[in-house]
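First residue of the sequence shown: 1, per the UniProt record's numbering; consecutive thereafter.
The block underneath contains the structure these notes are about, expressed in structure tokens.
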Amino acid sequence: MAKTYKYSRYVAEAKKEPFVLELDDGDQISIQAPSGEVLLEIEEAFSSRRRLELLTGDQYDRVFELVRHAPAGALNGLVSDMVEHFGLSPVPPGGGRASSR
1 MAKTYKYSRY VAEAKKEPFV LELDDGDQIS IQAPSGEVLL EIEEAFSSRR RLELLTGDQY
61 DRVFELVRHA PAGALNGLVS DMVEHFGLSP VPPGGGRASS R
């Protein structure tokens with residue numbers, strides 16, 4: 001008998017708490033996990049700015065103001081931590097062996 005899989009399990013396992021960025025003044029920026037649709041848009045985006053906008057959602061303006069004049073490594077570290085927190089993968093859906101037609 002073929003094994004079956006429950007979609008609800010995938011959804012339950014994928015739920016993530018918001019990424020909360022604490023600022024030096026004690027304020028916080030709370031970034032929600034991207035949806036599947038947003039993840040696909042991130043992977044299709046050629047612009048790093050557009051990817052950041054998609055990843056940070058409605059908090060983009062606040063995040064951009066933080067990183068725009070900071071050293072580039074600050075942005076790289078922040079994005080890396082968000083990707084790890086949300087359990088996103090640099091490999092596109094379908095895996096690294098997917099057709100690149």
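Where a beta carbon is used, it is the ideal one built from N, C-alpha and C, also for glycine.
task: Classify L52 as helix, strand or coil using the three-state DSSP reduction.
output: Residue state, collapsed to three classes: helix.
field: Cβ-Cβ distance between F64 and F19 below 8 Å
entry: No, these two residues do not count as a Cβ contact at 8 Å.
task: Evaluate P34 with the Cβ neighbour count: other Cβ atoms within 10 Å of its Cβ, from every protein chain shown; 16 or more gives buried, anything less gives exposed.
output: It is buried - the Cβ of P34 has at least 16 other Cβ atoms within 10 Å.
message: Let me check understanding here. Comparing Cα to Cα, which of R62, S80 and L75 lies closest to D27?
response: For D27, the nearest C-alpha among the options comes from R62.
task: With DSSP as the reference, label E22 as helix, strand or coil.
output: Reduced to three states, the DSSP call for E22 is strand.
- prompt: In chain order, what residues of the same chain have a beta carbon less than 6 Å from the beta carbon of E13, not counting five sequence neighbours either side?
  reply: Correct list: empty, nothing qualifies.
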